[in-house]
Structures are given as C-alpha cells and as structure tokens.
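Protein chains in written order, with our numbering: chain A, 555 to 791; chain B, 555 to 791.
Each remark here refers to the structure printed beneath this line.
Protein chains: 2
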Amino acid sequence: MTMKLEILTKNENREIQKKIISQIRDLINYKNLEPGDKLPSERTLSEKFEVSRGNIREAIQKLEFYGLLQSIPQSGTFVANIGVIAMNGMIEDILRLDDPEFKSLVETRILLELKTARLAALRRTDDDLRLIKEALDAYADKVIKGKDAVQEDLLFHLAIAKASGNSTMNTFMLIITPGIITNFEKYHVCDSNQAFLGIQEHTDIYEAIKTQDPKLAKEKMKAHFKMLYQYCYNQKD
Amino acid sequence: MTMKLEILTKNENREIQKKIISQIRDLINYKNLEPGDKLPSERTLSEKFEVSRGNIREAIQKLEFYGLLQSIPQSGTFVANIGVIAMNGMIEDILRLDDPEFKSLVETRILLELKTARLAALRRTDDDLRLIKEALDAYADKVIKGKDAVQEDLLFHLAIAKASGNSTMNTFMLIITPGIITNFEKYHVCDSNQAFLGIQEHTDIYEAIKTQDPKLAKEKMKAHFKMLYQYCYNQKD
DNA sequence: TTAAATAAATTGGTTAACCAGATTGGTTTT
DNA sequence: AAAACCAATCTGGTTAACCAATTTATTTAA
C-alpha cells in the first residue's frame, strides 16, 4: 500500500514535468524564440505555469540533457542551436516516450549484443579477454554449484560490452539492464535449466572473441539469444 | 563559520558525483550491505563524505536510474535486488563512462538506424508513412532553396525511428542526437554538397519503407551512411 | 550629448529550514 | 508475556531564503 502511494506520486510528478515541457514548447512557439534567445526566468515560469521552481528546473535540466536548452549561471536559460522545427519534433518525441515496452528492451538488447560481440572479437585487448574469462569462470562456478547466477551472467555480457571499445553501446547496455532484469523476474522468460546450457553458450562466445573471429562471435551470441529471440518475434499479442 | 561559496563548473560537479558514487560503493562493500539493506541517511552520508546533501541526492538518483538503489520516502534508501558482485561491476562501468567518443556515437547511430529502417519497413503504419513523407518533403524543399536543412534531415531520421515501433531505440536515437549534431559542426564531417545527394538517398529510403521492403530499406540507409561509415572505420587515429 | 561609473534588480545555483509520513523505543494495557 | 499504544525521532521530499555573478537602470563626469 505504501508502494502504491509512492508509485502514484512519481507518476504524478512525471505528468507535471511532461506538462511543463509541453508548456515550454508552446511558449517557444508562441514567442517565436530562435536559437540563442533567452527563456523567461525560472521564477517567472514557475509563476506562469503555477508549479514550483524545482519542477521548472527539472524540466529544464531534462531538455538540457537532450541538447535543446542551455542554462548559464547568473544569466539565463537559452534556446540551443536547434531551430523551431527540430525543437518541436524532438519535444514531441520526448513527451511520447515514457516507459519502454519490455519487447523493445529485448529487441534492442539483442541488436546491441550481436554488435558488441562482433566488435569485441575485433578489438578486444588481452586485458579485456582476461576480464571476460573471469566473468565466465565465476558464472560457471555458480551454475555448477546450483546457485543463482543472474549477476554473473550479467557481468559476462557487460564485460563483452566493455571489450567492444564502444562507450555509447556500453552505456546503453547499462541503461537497459535494470529493465531487463526486473521484467525477466516478472515475466519468467528464462527457464531454470537454461543456466547449464548457458555455460556452453558463454564458453562458445568467449572462444570466438579469444580467437578474434567476429562472425563466429556474433553467431554464437545469436544462438545464446535464441530463446529470447523467439519470445521477441514469434509471439502474437 | 563562513564558507566561501563558489559556483562549480559542470566538470567539477561531475567529479564530485563520481567520487560520491565510488564512496557509496566502498561503503556497501565495507558494510557488506546486501539487497534490501538500508543505506545510511542522506544527512549522515553528507556529513561522512563532507559534501552537501544535494550532491548526495544527485548521486543516489543516478544510481537509482541504473536500478542499483531505491529511495522510499520517509523511510530510506535501499540496495536494489542486485548482489554485491553485479553492483561493483555496474558501478565500475558507470564511473568509467563519461563523455562518449564521437566515433562511438557515430558507430552506434549507424547500428541503430540500419535497424530502425528495417523495422520501419516491417511495421510502419500509414500514419507513420505520412509523417516520414512530410519530413522528406520539408527536407527536399529546404535543400532545393539552398537553405540549411540539418533540422529537417534530423526529423526525417527521427520519423523513421518512431515508425520502427521500438521505443527504446527511439529513445537512444534522441540521446545520441545532440552529441552527433554538435560534433558534426565541430569536425565538419558533412560536405556541403552532400545535401543534394541526400534528397535522392532519403527518397530511396522512404520508397523502401513505403513498399515495406525491409532489406532494401536497410540497404538504402547503409548507402546513405556511406560517408559516415568510411569516416568511422577507414580512418587511422 | 555621450560615455563612464555606479547602484539596483535579475539570474541560475546552492543551502538551510520545514513537512508529513515512517520508524523506533519505551510504556501501558490486556 | 505479549500485544497495543504513544510520543520522540528519523526519513526522503519539498519549499523558501540566500549567494554571487550578471544584466539593466540610473547617475555622474567629461
């Protein structure tokens, strides 16, 4: 019951922020603000929109994250070097995107991991390989002992992402990881006997990366995601 | 006592946050905190780490974003359902990842866009197609008039991402967009006469999505990224 | 009249005070 | 002895006050 209250308030907060962002967009349009123009002050906006200054600051920081605004201390908040057209398009997207569908998470994870496996095979250093091996051994050890190995499984994949040498993909892997984990537990996609099978699959991937065979690495990773792949694409809903 | 107040730069602030996150990690390890255990209060942490409570809150919110902590109002901040091993691995990654390399952004964009083009061809609705067409026309119009069409180019690609029906990839496209734009202007990757060529390439992509030919859509998108692709992979640095 | 100087107002950033709900420890009641 | 109760304390969340740099308005000097 306390959780429900918490979730509700967070949803409410998110709704408030979405409303503020759309109001900022409307204001930019109505006032024909161009790149470099200054927005009204945070205090002014909080009065005009009848919300707290903190809410305004959060909304501005979010738009700043997407490169649409820029705040300069003791000066003001300015429209970034992005025209009104792109501004409207991006804000529309930002407002629409909230909680991603689980399938979209899985689909994106598969896409990323097929690529990181391939890149890891191409670029991995000896140090990367050692870290992957350690993660593999830790995973196998837990599985053989009949223990839960979700963490070790996760770290094996993250070690590959790191070895890919692509920091953006590495970041994206980190971003989708929590959603994947929580939803996995919720939907029980994974089978319990999957773990034993996983050892061989992980080893195959490791060997391909070790021998620097990108095609094989991608192939073995694809085999590893076979169950997930089927869940993602061969289900009607 | 009177402490001198100074505005911290973004970099300084980020360094402080990284230090706090690593200190939280050390504390979790030292105290052997397990999933569900409560962290010391924000006030306690701010005293122990000798930083403001606001800094503590920001660090906690970041770890909450990655699913490692969970704050419950009027109760406390708790270690998420992730063991100490994965916790350490993920925090290490989070600390390492800061500003992504430009090439990793480009590489990731290409990966995402080849996929979204393919998925858009498979899943696009008539409404999606109409929006893509509008973005295409707006782009062509600007280019023919000799005007700058960076925004319209961007919106065309975002329209495809939307049509892919994958909200996660759509989000990721939004995340990398600002970095791509600013770095493009900095490095001058794009050629000025690229724009005219772009009209035909965009049209090819649109037609492939219209006729729902995923393979062709991916192919045409790849052709569109030919220059970028070469920059990304055929350059020594 | 113009330009330099200066004072007042405005800005985003930061901190300390406050809030309501949750927790805790001790006391009372059954 | 155990359960119920209650007040003091602690919690994350929120708000209002404050800060110094900046911008604008006003005054002064040339």
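All C-beta atoms in this analysis are idealised placements derived from N, C-alpha and C, irrespective of residue type, glycine included.
Across which residues does DSSP place A:Gly-630 in a beta bridge pair? Here residue 630 of chain A corresponds to residue number 76 of the first sequence, with the count starting at 1. BP columns for A:Gly-630 point to A:Ile-626.
Can you name the residues of chain A whose CB is closer than 7 angstroms to the CB of B:Glu-655? Translated into positions along the second sequence, residue 655 of chain B becomes position 101. Ser-721, listed in chain order.
Please check if any C-beta of chain B sits within less than 8 angstroms of the C-beta of A:Ile-610. For this step, residue 610 of chain A is matched to residue 56 along the first sequence. No, no contact with chain B.
What number of angstroms, rounded off, separates the C-alpha of B:Leu-599 from the C-alpha of B:Leu-617? Walking along the second sequence from the start, residue 599 of chain B turns up at place 45. Walking along the second sequence from the start, residue 617 of chain B turns up at place 63. Roughly 15 angstroms between the two C-alpha positions.
Straight-line Cα distance separating B:His-756 from B:Lys-572: Walking along the second sequence from the start, residue 572 of chain B turns up at place 18. Walking along the second sequence from the start, residue 756 of chain B turns up at place 202. For B:Lys-572 and B:His-756, the distance between alpha carbons rounds to 42 angstroms.
For chain A, check one thing: does any of its Cβ atoms lie closer than 8 angstroms to the Cβ of B:Thr-731? Here residue 731 of chain B refers to the residue found at position 177 of the second sequence. So yes, B:Thr-731 belongs to the interface.
With a cut-off of 8 angstroms, does the C-beta of A:Phe-738 fall near any C-beta of chain B? Taking the first residue of the first sequence as 1, we reach residue 738 of chain A at position 184. It does not: the Cβ of A:Phe-738 has no partner Cβ on chain B nearer than 8 angstroms.
Within a Cβ cutoff of 8 angstroms, which residues of the same chain sit near B:Glu-596, ignoring the five residues on either side of it in sequence? Numbered from its first residue, the second sequence carries residue 596 of chain B at position 42. Closer than 8 angstroms at the Cβ level, and outside the excluded window around B:Glu-596, lie Arg-607, Ile-610, Arg-611, Ile-614 and Thr-631.
Using a cut-off of 9 angstroms between C-beta atoms, extract the partners of A:Glu-588 located in chain B. The residue given as residue 588 of chain A occupies position 34 in the first sequence. Correct list: empty, because the minimum Cβ distance to chain B is about 12 angstroms.
For B:Pro-627, which option in A:Lys-564, A:Pro-594 and A:Asp-647 has the closest C-alpha, if you only look at C-alpha atoms? Residue numbering aside, residue 627 of chain B sits at position 73 when the second sequence is read from its first letter. Nearest of A:Lys-564, A:Pro-594 and A:Asp-647 to B:Pro-627, Cα basis: A:Lys-564.
DSSP state of B:Lys-699 mapped onto helix, strand, coil: Locating residue 699 of chain B in the second sequence gives position 145, counting from the first residue. Here B:Lys-699 sits in coil by DSSP.
Which runs of the alpha helix (DSSP H) spanning at least 4 residues fall entirely within the segment 566 to 618 of chain A, listed in chain order? 596 to 603
Return the chain-ordered list of same chain residues with a C-beta closer than 8 angstroms to the C-beta of B:Leu-685, the five sequence neighbours on each side being excluded. Counting from 1 along the second sequence, the entry for residue 685 of chain B is found at position 131. Answer for B:Leu-685: Ala-713, Lys-716 and Ala-717, listed in chain order.
Any C-beta of chain A sitting closer than 8 angstroms to the C-beta of B:Phe-726? In the second sequence, counting from the first residue as 1, residue 726 of chain B sits at position 172. Yes, contact with chain A.
Alpha carbon to alpha carbon, how far is A:Ile-759 from B:Arg-663? Give it in angstroms, no decimals. What you label residue 663 of chain B is simply residue 109 of the second sequence in a count that begins at 1. What you label residue 759 of chain A is simply residue 205 of the first sequence in a count that begins at 1. If I take the Cα positions, the gap works out to 25 angstroms.
Could you round the C-beta distance between A:Val-705 and B:Ala-640 to whole angstroms and report it? I think they count as a contact, below 8 angstroms. The sequence position of residue 705 of chain A within the first sequence is 151, counting from 1. The sequence position of residue 640 of chain B within the second sequence is 86, counting from 1. Before going on, a small fix: residue 705 of chain A reads as Gln here, not Val. Going by Cβ atoms, the distance from A:Gln-705 to B:Ala-640 rounds to 4 angstroms, so yes, they are a contact pair.
Along the chain, where does the alpha helix (DSSP H) that runs through A:Ile-763 open and close? Numbered from 1 along the first sequence, position 209 holds the residue referred to as residue 763 of chain A. First-last of the alpha helix (DSSP H) with A:Ile-763: 748 to 764.
Start and end of the alpha helix (DSSP H) containing B:Tyr-787? In the second sequence, residue 787 of chain B corresponds to position 233, counting from 1. Per DSSP, B:Tyr-787 belongs to the alpha helix (DSSP H) from 780 to 787.
Going by Cα to Cα distance, which pick from A:Phe-710, A:Asp-767 and A:Gln-748 is closest to A:Met-781? Within the first sequence, residue 781 of chain A is the residue found at index 227, counting from 1. It is A:Gln-748.
Helix, strand or coil, according to DSSP, for B:Asn-737 in the structure here? Here residue 737 of chain B corresponds to residue number 183 of the second sequence, with the count starting at 1. Here B:Asn-737 sits in helix by DSSP.
Measuring straight from C-alpha to C-alpha, what distance separates A:Met-775 and A:Glu-604? What you label residue 775 of chain A is simply residue 221 of the first sequence in a count that begins at 1. What you label residue 604 of chain A is simply residue 50 of the first sequence in a count that begins at 1. Taking the straight line from one Cα to the other gives about 52 angstroms.
Do three or more CB pairs link the segment 688 to 701 of chain B to the segment 719 to 733 of chain B at distances below 8 angstroms? As far as the Cβ criterion goes, the segment 688 to 701 of chain B does not touch the segment 719 to 733 of chain B, which means the pair count is below three.
Does B:Ala-640 have its Cβ less than 8 angstroms from a Cβ in chain A? Locating residue 640 of chain B in the second sequence gives position 86, where the first residue counts as 1. So, interface residue.
Kindly indicate which three-state DSSP category B:Ile-636 falls into: helix, strand or coil? Position 82 of the second sequence, counted from the first residue, corresponds to residue 636 of chain B. In this structure, B:Ile-636 counts as coil in the three-state DSSP scheme.
With burial defined as no fewer than 16 other Cβ atoms inside 10 Å of the residue's Cβ, what is the status of B:Lys-669: buried or exposed? In the second sequence, the residue the question calls residue 669 of chain B occupies position 115. Buried.
So, is B:Tyr-693 buried or exposed, given that buried needs 16 or more other C-beta atoms within 10 angstroms? Within the second sequence, residue 693 of chain B is the residue found at index 139, counting from 1. Buried, since its Cβ has 16 or more Cβ neighbours within 10 Å.
So which residues of chain B does A:Cys-705 contact, with C-beta pairs closer than 9 angstroms? Position 151 of the first sequence holds residue 705 of chain A. The residue asked about is misnamed: residue 705 of chain A is Gln in this sequence, not Cys. Simply Ile-636, Gly-637, Val-638, Ile-639, Ala-640, Met-641 and Gly-643.
How about A:Phe-710 and A:Leu-666: are their beta carbons less than 8 angstroms apart? Here residue 710 of chain A refers to the residue found at position 156 when the first sequence is read from its first residue. Here residue 666 of chain A refers to the residue found at position 112 when the first sequence is read from its first residue. No, the pair does not count as a contact, with Cβ atoms beyond the cut-off.
Buried or exposed: where does B:Ser-658 fall if 16 or more other Cβ atoms within 10 Å of its Cβ makes it buried? On the second sequence, position 104 is the one that residue 658 of chain B refers to. Classification for B:Ser-658: buried.
Would a C-beta distance cut-off of 8 angstroms place B:Leu-622 and B:Ala-634 closer than the cut-off? For this step, residue 622 of chain B is matched to residue 68 along the second sequence. For this step, residue 634 of chain B is matched to residue 80 along the second sequence. In contact: B:Leu-622 and B:Ala-634 (Cβ atoms closer than 8 angstroms).
Apply the 10 Å Cβ neighbour rule to B:Asn-586 and answer buried if 16 or more other Cβ atoms are within range, or exposed otherwise. Numbered from its first residue, the second sequence carries residue 586 of chain B at position 32. Classification for B:Asn-586: exposed.
Below 7 angstroms between beta carbons is the criterion; list the residues of the segment 659 to 689 of chain A that meet it against any residue of chain B, in chain order. Leu-659, Glu-661, Thr-662, Leu-665 and Lys-669
At least one CB of chain B closer than 8 angstroms to the CB of A:Lys-716: is that the case? Mapped onto the first sequence, residue 716 of chain A falls at position 162. For A:Lys-716, at least one C-beta of chain B is nearer than 8 angstroms to its own C-beta.
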